[in-house]
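K.L.:
Here you go, one structure.
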Amino acid sequence: MEIRYATNPTDFKHYTGERIRNDFLIENLFEEGTITMVYSHYDRLIVGGAVPTDKPLELEDKETLKTEYFLERREVGFFNISDNKGKITVNGDTYELGKRDCLYVGKGNEEVLIESVDPSSPAKFYVVSATAHKTYPTQAMKLEEATHRHLGDDSQSNKRDLYQYIHADGIQSCQLMMGMTFLSPNNMWNTMPPHVHDRRMEAYLYFDLDEDEKIMHFMGSPEDTRKIVVSNEQAVLSPPWSIHSGVGTKNYTFIWAMAGENYTFDDMDHVDKNDLK
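Per UniProt numbering, the sequence shown runs over residues 1 to 277.
Below, the structure is given as structure tokens:
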């Protein structure tokens, strides 16, 4: 598992574009036949991708976590971002996940196996794990069962549909929150005007992009912003002190995941667009 360390916002002002990409962009999450994971020192979040082929993939990394099993002191959320069906077996109970389906697995589950229903057409699972101090039951959820919010409008090119899966009024968890946002056709901006939430970090996975389309992900302090050029199925770590906003060369989909002190989805400090620099 790769380790990413936290950054002081004052030091961040002096980073080159290459350093920013190395610290915050996760480029190669989905490799066939393996689980790829990145451990962030921002709220101890783990971001990963799993593409099972001819054999099940076990969620584990004893060497990094120094625990007997992965979920000894953690919880985890899975999203199937592919058109191909997959299944996850948790302590002997199997859950089949289709496109855009989510599975939450709570603290204390010792064995988690990830498979594709058809190994020749492997599923792609996005994986996010946070530390946990309480156990909540394993639960699956489909897109149509998630809490739905309409946001933005065509006049500002930010019309989008947000679906909350793991949150206070949905799948219960200790601190992990996850959901998915779809940009409508001819709309490219997300989270604009931007905001920060200093009590939680966030990670974004951008997907549903053609190979030659890109996202400009904006981050940094509101008065000193930077950008990262992001391709399809790449993720970005967003520190609590940073804005997080993006614009694409066309519409796209992203999964957001948050962890930290506060469990309130709407706990955020909005930033006036006139204050951005």
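For each residue, glycine too, the CB sits at the ideal point set by N, CA and C.
1) How long is the line joining the alpha carbons of histidine 14 and isoleucine 20, rounded to whole angstroms?
2) Using the Cβ count rule (16 or more neighbours within 10 Å means buried), how would you classify tyrosine 104?
3) Is it buried or exposed, aspartate 153, if we count other Cβ atoms within 10 angstroms and call 16 or more buried?
4) At a cut of 8 Å, does the segment 65 to 77 reach the segment 100 to 114 through at least three beta carbon pairs?
5) Just to confirm, is the Cβ distance from alanine 50 to isoleucine 26 under 8 Å?
6) To the nearest angstrom, report how far apart leucine 71 and aspartate 93 are at their CA atoms.
7) For residue 282, which residues of its own chain have a beta-carbon under 7 Å away from its beta-carbon, when the five flanking residues on both sides are left out?
8) Would proline 193 and valine 90 qualify as a contact pair, given that the criterion is a beta-carbon distance under 8 Å?
9) Just checking my contact of methionine 180 with serine 238 at CB under 8 Å: how many whole Å lie between their CB atoms?
10) Considering just the uninterrupted stretch of the alpha helix (DSSP H) at glutamate 63, what are its terminal residues?
11) Below 8 Å, how does it come out for the segment 168 to 178 and the segment 135 to 142: are there three or more Cβ pairs, yes or no?
12) May I have the straight-line CA-CA distance separating leucine 151 from isoleucine 81, to the nearest angstrom?
13) In whole angstroms, what is the alpha-carbon distance linking proline 61 and glycine 48?
14) What first and last residue would you give for the alpha helix (DSSP H) that runs through glutamate 18?
15) Given leucine 113, which residues of its chain have a CB within under 6 Å of its CB, disregarding the five upstream and five downstream residues?
16) How far does the beta strand (DSSP E) with aspartate 93 in it extend, from its first residue to its last?
17) Return the chain-ordered ranges of every alpha helix (DSSP H) run that is complete within the segment 100 to 135 and spans a minimum of 4 residues.
18) For glutamate 223, does the three-state DSSP call read helix, strand or coil?
19) Determine the extent of the beta strand (DSSP E) in which phenylalanine 265 is found, giving its start and end residues.
20) Excluding the five sequence neighbours on either side, which residues of its own chain have a C-beta within less than 7 Å of the C-beta of phenylalanine 182, listed in chain order?
21) Within 10 angstroms of its Cβ, does valine 236 collect 16 or more other Cβ (buried), or is it exposed?
22) Select from Thr191, His41, Glu110 and Gly98 the residue whose C-alpha is nearest the C-alpha of glutamate 144.
23) Once you ignore the five residues that flank serine 40 on each side, which residues in its own chain have a CB closer than 6 Å to its CB?
24) Tell me whether glutamine 156 is buried or exposed, calling it buried when 16 or more other Cβ atoms sit within 10 Å of its Cβ.
25) In the DSSP assignment, find the beta strand (DSSP E) that holds residue 327 and state where it starts and stops.
P.N.:
So, from the listed chains and residues:
1) Distance between the alpha carbons of histidine 14 and isoleucine 20: 10 Å.
2) Tyrosine 104 is buried by the Cβ-count criterion.
3) exposed
4) Taking 8 Å as the limit for Cβ pairs, the verdict is that the segment 100 to 114 does touch the segment 65 to 77.
5) no
6) 16 Å
7) The structure shown does not extend to residue 282, since the chain is modelled only from 1 through 277, so no value can be given for it.
8) no
9) Not really, about 16 Å apart at Cβ, beyond 8 Å.
10) 62 to 65
11) They touch, by the three-pair rule.
12) 22 Å
13) Per the sequence shown, residue 61 should be read as aspartate rather than proline. When rounded, the distance between both Cα atoms is 12 Å.
14) Element bounds for glutamate 18: 17 to 24.
15) Closer than 6 Å at Cβ, skipping near neighbours: Pro56, Glu58 and Thr89.
16) 93 to 97
17) none
18) coil
19) Neither: phenylalanine 265 is in no beta strand (DSSP E) and is coded neither H nor E.
20) Result list for phenylalanine 182: Arg160, Asp161 and Thr253, in chain order.
21) buried
22) Gly98
23) Arg4 and Leu237
24) exposed
25) The structure shown does not extend to residue 327, since the chain is modelled only from 1 to 277, so the question has no answer here.
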